[in-house]
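Residue numbers (UniProt numbering): 1 to 369.
Below is one structure; the comments refer to it alone.
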């Protein structure tokens with residue numbers, strides 16, 4: 001039985017805790033993990049969250065989780081700038097690692113994390129849960145079958161509005177220490193879909209923007225915003241597909257949108273994470289009198305939807321994707337093939353993001369490799 005440690009108990013920390021708690025019930029082919037040790041910034045918060053999430057032990061020092069001999073794998077869900085030190089310590093302690101994306105604010109730090117993972121021989125996976133969607137898995141199958149022919153153009157977007165209010169206070173995601181902004185906070189998720197469905201990006205040209213130059217501070221006054229909430233990218237993939245990537249953390253009305261449009265020689269496929277249980281498919285094989293987008297509702301025959309529900313059209317949710325990801329990770333720990341993005345592949349996503357940032361700085365096309 002796998003012993004689990006958790007460092008960080010915010011939004012994604014709770015998602016990881018839910019996944020570790022539910023995975024054994026949803027997927028009976030894996031043993032239910034033990035929730036061993038939770039770490040937070042202080043003892044009081046750690047004890048409270050351990051009680052809520054069901055962890056046996058709690059510590060106000062993350063190193064106690066890393067050094068606990070009962071912990072086999074650590075979920076790392078802290079802010080981005082803390083990932084490198086913690087991830088490397090976890091791997092050097094001989095633990096497996098499930099780390100939320102992105103890997104790190106700088107590419108050098110991401111490289112150090114990947115090197116530590118390789119040296120340790122342990123599984124080090126990144127939290128790219130959207131690739132686990134039954135809808136996106138089916139889209140991959142449709143592409144493999146060439147239902148829409150040869151793909152020639154890809155458009156992918158990610159938008160949310162949690163930074164859209166100009167009166168919202170300055171917080172850590174506005175600091176340069178957290179990274180570039182929407183480019184590495186958001187764009188890595190669409191890029192995980194691009195990587196999974198189509199392969200590597202070859203070259204990019206990028207523009208970034210700040211909708212608000214500064215933000216109010218809770219204690220009074222204002223502070224300059226150091227990150228970019230908007231990024232627009234043109235890209236060419238190694239397989240010749242042309243693409244666009246658009247990301248925005250200040251897009252009023254968008255709550256959890258990852259929209260992908262795939263255009264081929266014989267049709268097209270549309271998907272939007274805000275309607276994550278639907279696929280839109282257009283095929284020229286239909287008679288002209290019936291040609292049009294059809295809506296495909298996710299159902300038990302779109303694996304692994306059936307592990308959750310026996311009936312079509314009832315719909316999965318965000319946390320269910322995390323449970324699927326947890327199952328894939330446990331499958332990988334058992335030495336079997338699994339649908340996870342490990343640090344080596346994740347490093348290529350990071351490389352693409354940093355190439356985009358370099359393109360913005362240098363105002364030119366940049367080769368990713």
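Every residue, glycine too, gets a C-beta built ideally from N, C-alpha and C.
Quick caveat, the model's predicted, so the values are computed rather than measured.
Quiz item: Three or more beta-carbon pairs under 8 Å between the region 205-222 and the region 144-158, yes or no?
Solution: no
Practice problem: Give the C-beta separation of residue 7 and residue 39 to the nearest angstrom, bearing in mind that I take them to be a contact with Cβ-Cβ under 8 Å. | Solution: 4 Å
Quiz item: Out of curiosity, what's the CA-to-CA distance linking residue 114 and residue 340?
Solution: 15 Å
Self-check item: residue 106 versus 351, 241 and 193, residue with shortest Cα-Cα distance
Solution: 351
Quiz item: Just reading off the alpha helix (DSSP H) that residue 368 is part of, what are its end residues?
Solution: Careful: residue 368 lies outside any alpha helix (DSSP H) and carries neither H nor E.
Practice problem: Work out the CA separation of residue 322 and residue 395 for me, nearest whole Å. | Solution: It is not possible to answer for residue 395, since the shown part of the chain is limited to 1 through 369.
Self-check item: Neighbourhood of residue 88 by C-beta, 8 Å cutoff - its chain only, sequence neighbours within 5 removed
Solution: 112, 113 and 116
Self-check item: Cβ-based burial, residue 291 [other Cβ within 10 Å; buried from 16]
Solution: exposed
Quiz item: Does DSSP classify residue 86 as helix, strand or coil?
Solution: helix
Practice problem: Report the rounded CA-to-CA distance for residue 32 versus residue 314, giving the unit in angstroms. | Solution: 26 Å
Quiz item: Thinking just about the alpha-carbon of each residue, which of 273, 30 and 172 is nearest to the one in residue 226?
Solution: 172
Exercise. Count the other CB atoms, across all protein chains shown, that sit within 10 Å of the CB of residue 174; report buried if there are 16 or more and exposed otherwise.
Key: buried
Quiz item: If you count every other CB in all the chains shown that lies within 10 Å of the CB of residue 271, and 16 or more means buried, which is it?
Solution: buried
Quiz item: Can you list the alpha helix (DSSP H) stretches of 4 or more residues lying completely in the region 252-301, in chain order?
Solution: none
Quiz item: What's the call for residue 27, buried or exposed, on a 16-neighbour Cβ count within 10 Å?
Solution: buried
Self-check item: Counted within 10 angstroms of its Cβ, other Cβ atoms place residue 80 as buried (16 or more) or exposed
Solution: buried
Self-check item: Nearest neighbour of residue 82, chosen from 146, 62 and 71 [CA to CA]
Solution: 62
Exercise. Assign residue 41 to buried or exposed, taking buried as 16 or more other Cβ atoms, counted over all protein chains shown, within 10 Å of its Cβ.
Key: exposed
Quiz item: Does the beta-carbon of residue 136 have 16 or more other beta-carbons within 10 angstroms, so that it is buried, or is it exposed?
Solution: buried
Quiz item: Taking the beta strand (DSSP E) that residue 98 falls in, what are its first and last residues?
Solution: 96-99
Practice problem: Just the C-alpha distance for residue 212 and residue 37, rounded to the nearest angstrom, thanks. | Solution: 40 Å
Quiz item: How would you label residue 146, buried or exposed, when you count the other beta carbons within 10 angstroms and need 16 or more for buried?
Solution: exposed
Quiz item: What are the partner residues of residue 5, as DSSP defines its beta bridges?
Solution: 37 and 74
Quiz prompt | Beta-carbon proximity check, residue 125 vs residue 342, cutoff 8 Å | solution = yes
Quiz item: Excluding five sequence neighbours on each side, which residues of the same chain lie with their C-beta closer than 6 Å to the C-beta of residue 267?
Solution: 148, 282, 283 and 284
Self-check item: Every unbroken beta strand (DSSP E) within the region 94-159, with a cutoff of 3 residues, ordered by chain
Solution: 96-99, 124-126 and 151-159
Quiz item: How big is the Cα-Cα spacing for residue 277 and residue 131?
Solution: 14 Å
Quiz item: Which runs of the alpha helix (DSSP H) fall wholly inside the region 300-346 and span at least 4 residues, in chain order?
Solution: 318-333
Self-check item: Same chain, Cβ closer than 8 Å to residue 256, five either side skipped, listed in chain order
Solution: 160, 273, 274 and 318
Quiz item: With distances taken between CB atoms, is the gap from residue 168 to residue 215 smaller than 8 Å?
Solution: yes
Quiz item: CB of residue 202 to nearest heavy atom of the ligand SAM: below 7 Å?
Solution: Because no ligand of any kind appears in the structure shown, any question about the ligand SAM cannot be addressed here.
Quiz item: Is the CB-CB distance between residue 3 and residue 34 below 8 Å?
Solution: yes
Quiz item: Is residue 72 closer than 8 Å to residue 101 when the C-beta atoms are compared?
Solution: no
Quiz item: By Cβ distance, which residues of its chain are closer than 6 Å to residue 140, with the 5 residues on each side in sequence left out?
Solution: 197
Self-check item: Reduced DSSP category for residue 250 - H, G, I as helix; E, B as strand; rest coil
Solution: coil
Self-check item: Run of the alpha helix (DSSP H) containing residue 197, from where it starts to where it stops
Solution: 188-197
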